[in-house]
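Novice: Could you have a look at this structure, given as structure tokens, before my questions?
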Amino acid sequence: GNSVTQMEGPVTLSEEAFLTINCTYTATGYPSLFWYVQYPGEGLQLLLKATKADDKGSNKGFEATYRKETTSFHLEKGSVQVSDSAVYFCALVYNQGGKLIFGQGTELSVKP
Amino acid sequence: DTAVSQTPKYLVTQMGNDKSIKCEQNLGHDTMYWYKQDSKKFLKIMFSYNNKELIINETVPNRFSPKSPDKAHLNLHINSLELGDSAVYFCASSPQHSNTEAFFGQGTRLTVV
Numbered sequence: 094g095n096s097v098t099q100m101e102g103p104v105t106l107s108e109e110a111f112l113t114i115n116c117t118y119t120a121t122g123y124p125s126l127f128w129y130v131q132y133p134g135e136g137l138q139l140l141l142k143a144t145k146a147d148d149k150g151s152n153k154g155f156e157a158t159y160r161k162e163t164t165s166f167h168l169e170k171g172s173v174q175v176s177d178s179a180v181y182f183c184a185l186v187y188n189q190g191g192k193l194i195f196g197q198g199t200e201l202s203v204k205p
Numbered sequence: 067d068t069a070v071s072q073t074p075k076y077l078v079t080q081m082g083n084d085k086s087i088k089c090e091q092n093l094g095h096d097t098m099y100w101y102k103q104d105s106k107k108f109l110k111i112m113f114s115y116n117n118k119e120l121i122i123n124e125t126v127p128n129r130f131s132p133k134s135p136d137k138a139h140l141n142l143h144i145n146s147l148e149l150g151d152s153a154v155y156f157c158a159s160s161p162q163h164s165n166t167e168a169f170f171g172q173g174t175r176l177t178v179v
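In the order they appear, the protein sequences are chains V and H.
Numbers in my numbering are just positions in the first sequence, counted from 1, shifted up by 93.
Numbers in my numbering are just positions in the second sequence, counted from 1, shifted up by 66.
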């Protein structure tokens with residue numbers, strides 16, 4: 094079946110450090126891939142997306158590239174800020190009624 | 067204007083009670099969802115409706131009954147609440163029911179005591 098695995102947290106970084114959160118997926122066919130972010134006490138917000146192989150999604154300094162050959166969609170940011178502290182979810186959607194399949198979430202804490 | 071809004075934001079209730087959570091979207095989307103987030107932050111779909119028709123029912127106990135009076139609303143009614151129902155419930159919507167992102171509400175934190 095379809096599934097998403099992302100690196101476990103929590104991840105603690107200093108401000109301006111480089112961030113990578115790994116995400117790999119298992120899916121039949123060609124899913125669309127997403128990163129969602131959940132700030133403390135809030136709902137999920139779409140951070141970026143990619144709908145086909147080699148697409149790069151980007152937003153707010155975050156980037157992720159859809160790698161079909163490695164079935165990965167790693168999230169990166171060159172210089173994190175304290176305000177980036179949140180839980181990040183990798184997810185895929187395929188033709189199964191539109192349901193999103195989420196990874197387990199990675200909590201990021203950025204210290205000043 | 068809030069795109070996907072759900073009420074209430076917090077709900078504390080006793081075991082055995084019946085409660086409802088309401089959800090409305092003003093995005094003109096055809097598909098709406100309910101997701102459950104457990105205490106470890108894991109998110110799992112419960113239901114999906116497309117134009118008021120049930121598309122997905124993910125082995126959720128039948129104490130949970132979604133109701134979609136129109137395509138802009140998807141409410142969740144829960145009977146005979148149990149301690150294990152304590153979680154954050156998210157409503158979401160998307161333009162169609164395949165291969166598109168979903169837009170989420172702020173969540174309802176349900177605590178059963």
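We put the CB at the ideal spot given by N, CA and C, even for glycine.
All of these numbers come straight from a predicted model, not from anything done at the bench.
Less than 8 Å separating the beta-carbons of Thr119 of chain V and Thr163 of chain V?
Specialist: Taking the first sequence and counting its residues from 1, the one referred to as residue 119 of chain V is at position 26. Taking the first sequence and counting its residues from 1, the one referred to as residue 163 of chain V is at position 70. No, they are not a contact pair.
Novice: Would you report the Cα separation of Asp147 of chain V and Glu148 of chain H, rounded to the nearest angstrom?
Specialist: Within the first sequence, the letter at position 54 stands for residue 147 of chain V. Within the second sequence, the letter at position 82 stands for residue 148 of chain H. Answer to the nearest angstrom: the Cα atoms are 46 Å apart.
Novice: Using a Cβ-Cβ cut-off of 6 Å (strictly less than) and excluding sequence neighbours within five positions of Pro161 of chain H, which residues of its own chain qualify?
Specialist: In the second sequence, counting from the first residue as 1, residue 161 of chain H sits at position 95. Once the five neighbours on either side are set aside, the close Cβ partners of Pro161 of chain H are His95.
Novice: Cβ of Gln197 of chain V less than 8 Å from any chain C Cβ?
Specialist: Looking for chain C here will not work: the only protein chains present are V and H.
Novice: Can you list, in chain order, the residues of its chain whose CB lies under 6 Å from that of Leu84 of chain H, leaving out five sequence neighbours each side?
Specialist: For the purposes of this step, residue 84 of chain H is identified with residue 18 of the second sequence, where counting begins at 1. Note that residue 84 of chain H is Asp in the sequence shown here, rather than Leu. Hits under 6 Å: Asn145.
Novice: In chain order, what are the residue ranges of uninterrupted beta strand (DSSP E) at least 3 long that sit wholly in the stretch 126-178 of chain V?
Specialist: Runs found: 137-143, 149-152, 155-158, 168-170.
Novice: Report all residues from its chain with a CB closer than 8 Å to the CB of Ser75 of chain H; omit the five preceding and five following residues, and keep chain order.
Specialist: On the second sequence, residue 75 of chain H is found 9 positions in, with the first residue counted as 1. Reading the sequence as shown, one finds Lys at residue 75 of chain H and not Ser. Gln172, Gly173, Thr174, Arg175, listed in sequence order.
Novice: May I ask you to list, following chain order, the residues of the stretch 164-191 of chain V that have a beta carbon less than 9 Å from some beta carbon of chain H?
Specialist: So the list reads Val180, Phe182, Ala184, Val186, Tyr187, Asn188, Gln189, Gly190, Gly191, given in the order they occur along the chain.
Novice: Going by C-alpha to C-alpha distance, which of H:Phe113, H:Lys118, H:Asp136 sits closest to Pro127 of chain H?
Specialist: As a first step, residue 127 of chain H must be located in the second sequence, where it is residue number 61. When only C-alpha atoms are compared, the closest one is H:Phe113.
Novice: Can you pull the chain V neighbours of Lys107 of chain H, defined as C-beta to C-beta under 7 Å?
Specialist: Numbered from its first residue, the second sequence carries residue 107 of chain H at position 41. In chain order: Val180, Gly198.
Novice: Using 10 angstroms around the beta-carbon of Ala143 of chain V, count the other beta-carbons present and answer buried if the total reaches 16, otherwise exposed.
Specialist: The sequence position of residue 143 of chain V within the first sequence is 50, counting from 1. That one is buried.
Novice: By the three-class DSSP mapping on this structure, what secondary structure does Asp151 of chain H have?
Specialist: Working through the second sequence from its first residue, we reach residue 151 of chain H at position 85. DSSP places Asp151 of chain H in helix when its eight states are reduced to three.
Novice: How would you label Asn141 of chain H, buried or exposed, when you count the other beta carbons within 10 angstroms and need 16 or more for buried?
Specialist: For this step, residue 141 of chain H is matched to residue 75 along the second sequence. Answer is buried; the Cβ neighbour count reaches 16.
Novice: Buried or exposed: Pro132 of chain H, going by 16 or more other Cβ atoms within 10 Å of its Cβ?
Specialist: In the second sequence, counting from the first residue as 1, residue 132 of chain H sits at position 66. Per the 10 Å Cβ criterion, buried.
Novice: Just mark Asp104 of chain H as buried or exposed, buried being the case when its beta carbon has 16 or more other beta carbons within 10 Å.
Specialist: Mapped onto the second sequence, residue 104 of chain H falls at position 38. Counting Cβ neighbours within 10 Å, Asp104 of chain H comes out exposed, since fewer than 16 surround it.
Novice: Please work out which residues of its chain come closer than 6 Å, Cβ to Cβ, to Val130 of chain V, disregarding the five sequence neighbours upstream and downstream, and give them in chain order.
Specialist: Your numbering for residue 130 of chain V matches position 37 in the first sequence. Answer for Val130 of chain V: Gln138, Leu140, Ala179, Tyr181, listed in chain order.
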